[in-house]
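What follows is a set of notes on a single structure, which appears directly below.
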Amino acid sequence: MVFSSITFLLYFLPPFLVAYRLGGAKMQNGILLFASVVFYGWGAMSFLPILLGSSVVNFYLVRKIEGLSGVSRRRAVGGAVLLNVGILLYFKYANFIVANFAFEHVRAEWTDVALPIGISFFSFQSLSYALDVYRKTVRPLDKLSEYLVYILSFPQMIAGPIVRFTEVEKELRERTVKNTDWVNGFYRFALGLAKKVLIANTLASIYPLDIAVLEGGFSEWSSPHALIAILAYTFQIYFDFSGYSDMAIGLGKMLGFNFPENFKQPYRATSITDFWRRWHITLSSWMRDYLYIPLGGNRVSTNSRLYMNLVIVFAISGLWHGASWNFLIWGLYHGVFLILDRIFLKSWLSQLPKFMSRMFTFVLVVVGWVFFAIEDFTLAVNFLDQISDFSIFSTRFWTEAIQGLNARELFVLIAAILFTSTGLYDRFVRWFNLNDSRPILIASTSVVMWLVSVSFLAGSDFNPFIYFRF
Numbered sequence: 205m206v207f208s209s210i211t212f213l214l215y216f217l218p219p220f221l222v223a224y225r226l227g228g229a230k231m232q233n234g235i236l237l238f239a240s241v242v243f244y245g246w247g248a249m250s251f252l253p254i255l256l257g258s259s260v261v262n263f264y265l266v267r268k269i270e271g272l273s274g275v276s277r278r279r280a281v282g283g284a285v286l287l288n289v290g291i292l293l294y295f296k297y298a299n300f301i302v303a304n305f306a307f308e309h310v311r312a313e314w315t316d317v318a319l320p321i322g323i324s325f326f327s328f329q330s331l332s333y334a335l336d337v338y339r340k341t342v343r344p345l346d347k348l349s350e351y352l353v354y355i356l357s358f359p360q361m362i363a364g365p366i367v368r369f370t371e372v373e374k375e376l377r378e379r380t381v382k383n384t385d386w387v388n389g390f391y392r393f394a395l396g397l398a399k400k401v402l403i404a405n406t407l408a409s410i411y412p413l414d415i416a417v418l419e420g421g422f423s424e425w426s427s428p429h430a431l432i433a434i435l436a437y438t439f440q441i442y443f444d445f446s447g448y449s450d451m452a453i454g455l456g457k458m459l460g461f462n463f464p465e466n467f468k469q470p471y472r473a474t475s476i477t478d479f480w481r482r483w484h485i486t487l488s489s490w491m492r493d494y495l496y497i498p499l500g501g502n503r504v505s506t507n508s509r510l511y512m513n514l515v516i517v518f519a520i521s522g523l524w525h526g527a528s529w530n531f532l533i534w535g536l537y538h539g540v541f542l543i544l545d546r547i548f549l550k551s552w553l554s555q556l557p558k559f560m561s562r563m564f565t566f567v568l569v570v571v572g573w574v575f576f577a578i579e580d581f582t583l584a585v586n587f588l589d590q591i592s593d594f595s596i597f598s599t600r601f602w603t604e605a606i607q608g609l610n611a612r613e614l615f616v617l618i619a620a621i622l623f624t625s626t627g628l629y630d631r632f633v634r635w636f637n638l639n640d641s642r643p644i645l646i647a648s649t650s651v652v653m654w655l656v657s658v659s660f661l662a663g664s665d666f667n668p669f670i671y672f673r674f
């Protein structure tokens with residue numbers, strides 16, 4: 205089940221919210237836990253025992269850490285890390301490892317392992333909980349039910365944001381939901397739903413790259429055709445993922461949780477370093493605190509060690525997104541530009557007019573998305589060659605680029621560019637926040653976005669979601 209589905213919006217969410225509001229504070233966790241089990245089991249019942257079983261083992265293993273010290277404490281946290289990383293490695297990377305590194309007779313006898321939905325997200329949350337308790341940043345939970353709510357909570361379980369235990373520790377034990385929280389949460393959810401349904405889904409229909417790959421490649425595409433395709437994908441993946449994050453944050457607010465922000469206008473970044481402060485923020489901060497800093501971070505004695513740390517972190521970040529060489533290449537690509545930022549690039553970009561540094565960074569990000577979107581390396585390189593052969597100042601080029609788009613697709617693409625790459629969105633938010641009729645405006649806007657989005661969903665069976673497979 206996904207948020208942007210009629211089943212969730214009309215048949216799951218309304219009765220859940222009614223039960224949650226009527227149940228009172230004492231029943232909140234129980235109702236949320238039951239709903240989360242139903243939500244996950246709806247689309248992945250066969251994986252539910254694995255999720256529940258590993259969560260129970262994690263809970264008791266981490267509780268044991270609290271009373272230990274020295275070698276015993278390190279062994280206990282090592283067991284927790286081994287459990288979570290082992291589950292992630294087996295289910296997400298076993299097929300990749302066998303296909304690329306195993307002997308031929310092993311590959312011949314191997315049966316592909318199915319990927320549990322959301323495994324990357326709940327594995328990282330389990331790891332952060334174990335490591336925070338080990339570091340004595342927090343005390344472990346006393347109740348298994350509270351821990352299961354933290355891991356299984358359906359608003360953020362499938363596709364994040366990655367919520368650390370320290371961010372919701374108090375709310376897991378006791379929380380209140382004010383009427384303003386509910387209204388603001390519903391607005392945030394409706395905004396995310398509109399971003400997903402009205403914008404991302406429309407962009408996904410513009411020259412879809414995945415279908416072209418299945419059909420053999422891009423040899424029949426012109427350069428304008430290819431450029432529009434990768435631009436559409438660039439904005440699709442943003443509105444797709446940030447829309448889901450908005451829905452998760454909004455649902456959390458309606459339930460009394462304050463989930464962390466996950467995006468901050470990443471396509472307005474002035475360097476790749478700046479981009480990673482704005483894109484998938486919860487993953488970036490997780491990698492920094494639980495991998496980069498333990499490796500030595502910026503405190504290492506030599507630049508070569510610093511650069512190696514960056515390469516390791518972004519190689520793992522790339523593979524976190526998927527068990528494929530293209531994701532590794534994408535991660536290393538960003539790692540290289542982070543190193544170049546430290547050597548000279550960020551300093552050089554800071555001397556340029558801001559719009560030029562943003563444009564330069566945006567082009568780098570778009571090139572990176574080619575490897576993210578196209579899993580075949582040869583096809584990805586051919587695609588890059590195709591989009592490099594154009595004259596951006598030619599009227600004929602842009603005429604050919606947009607002639608295959610209908611009016612709605614063209615309007616949505618232009619709106620996506622304006623709202624993510626200019627200050628228009630900031631002005632819109634500033635006006636929205638300063639308007640005297642803000643409560644009424646929020647409520648009415650939320651209802652309109654909800655109704656329009658549901659109407660579009662009801663009239664279409666096209667509802668892709670890029671990050672659902674991670």
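The opening residue of the sequence shown carries number 205 in the numbering used here; numbering runs sequentially from there. By construction, the Cβ of each residue, glycine as well, lies at the ideal position given by its N, Cα and C atoms. Being a predicted model, the structure only gives us computed values, none of them experimental.
- If you look at residue 410, you'll find it isn't in any alpha helix (DSSP H); DSSP assigns it neither H nor E.
- The count of Cβ pairs closer than 8 Å, one atom from the segment 452-465 and one from the segment 357-369, reaches three, so the stretches are in contact.
- Between residue 657 and residue 397, the beta carbon gap of about 5 Å places them in contact (Cβ cut-off 8 Å).
- Within 10 angstroms of the beta-carbon of residue 266 lie 16 or more other beta-carbons, which makes it buried.
- The segment 326-336 makes no contact with the segment 424-436, as fewer than three CB pairs between them are under 8 Å.
- Remark: C-beta atoms of residue 670 and residue 444 approach each other more closely than 8 Å.
- Comparing alpha carbon positions, the residue from 407, 561, 244 closest to residue 477 is 561.
- Here residue 322 has 361, 362, 363 as same chain residues with Cβ atoms under 7 Å from its own Cβ, once five neighbours each way along the sequence are excluded.
- For residue 287, the closest alpha carbon among the candidates 388, 521, 335, 497 is that of 335.
- The alpha-carbon of residue 246 is positioned some 10 Å away from that of residue 212.
- Taking a 10 Å sphere around the C-beta of residue 652, we find fewer than 16 other C-beta atoms and assign the residue as exposed.
- Of the residues assessed, residue 525 falls on the buried side of the cut-off, its CB having 16 or more other CB atoms within 10 angstroms.
- Boundaries for residue 665: no alpha helix (DSSP H) harbours it, and the DSSP string shows neither H nor E there.
- The shortest CA-to-CA distance from residue 283 to any of 649, 263, 340, 301 is the one to 263.
- With contacts defined by Cβ atoms closer than 8 Å, residue 543 and residue 514 form a contacting pair.
- Within the segment 487-566, complete alpha helix (DSSP H) segments of at least 4 residues are found at 507-525, 529-544, 550-554, given in chain order.
- Residue 228 counts as exposed, since fewer than 16 other beta carbons sit within 10 angstroms of its beta carbon.
- For residue 271, the three-state secondary structure derived from DSSP is coil.
- The Cβ neighbour count for residue 257, taken over all protein chains shown within 10 Å, is under 16; the residue is labelled exposed.
- A direct Cα-Cα distance of roughly 10 Å separates residue 614 from residue 436.
- Out of 272, 294, 297, the CA that lies nearest to the CA of residue 340 is found in 272.
- Our two residues, residue 555 and residue 587, have alpha carbons roughly 32 Å apart in a direct line.
- Of the residues assessed, residue 491 falls on the buried side of the cut-off, its CB having 16 or more other CB atoms within 10 angstroms.
- Minimum Cα-Cα distance from residue 659 among the listed residues 260, 648, 401, 239 corresponds to 401.
- Measuring C-alpha to C-alpha distances from residue 540 to each of 579, 475, 591 identifies 475 as the nearest.
- Look at residue 218 here: in three-state DSSP terms it is helix.
- Judged by DSSP in its simplified three-state form, residue 231 adopts helix.
- Non-local beta-carbon contacts of residue 377 in its own chain, meaning distances under 7 Å to residues more than five positions away in sequence, involve 350 in chain order.
- In the three-state scheme derived from DSSP, where H, G and I count as helix and E and B as strand, residue 205 is classed as coil.
- Here residue 498 is exposed, its C-beta having fewer than 16 other C-beta atoms within 10 Å.
- Across the set 248, 234, 293, the C-alpha of 248 shows the shortest separation from the C-alpha of residue 206.
- The segment 603-610 makes no contact with the segment 383-395; the number of CB pairs closer than 8 Å stays below 3.
- If you check the CB distance, residue 417 and residue 589 do not come in under 8 Å.
- For residue 643, the secondary structure class from DSSP, reduced to helix, strand or coil, is helix.
- If you draw a straight line from the Cα of residue 365 to the Cα of residue 600, it comes to about 43 Å.
- Under the DSSP assignment, residue 469 falls outside any alpha helix (DSSP H); it carries neither an H nor an E label.
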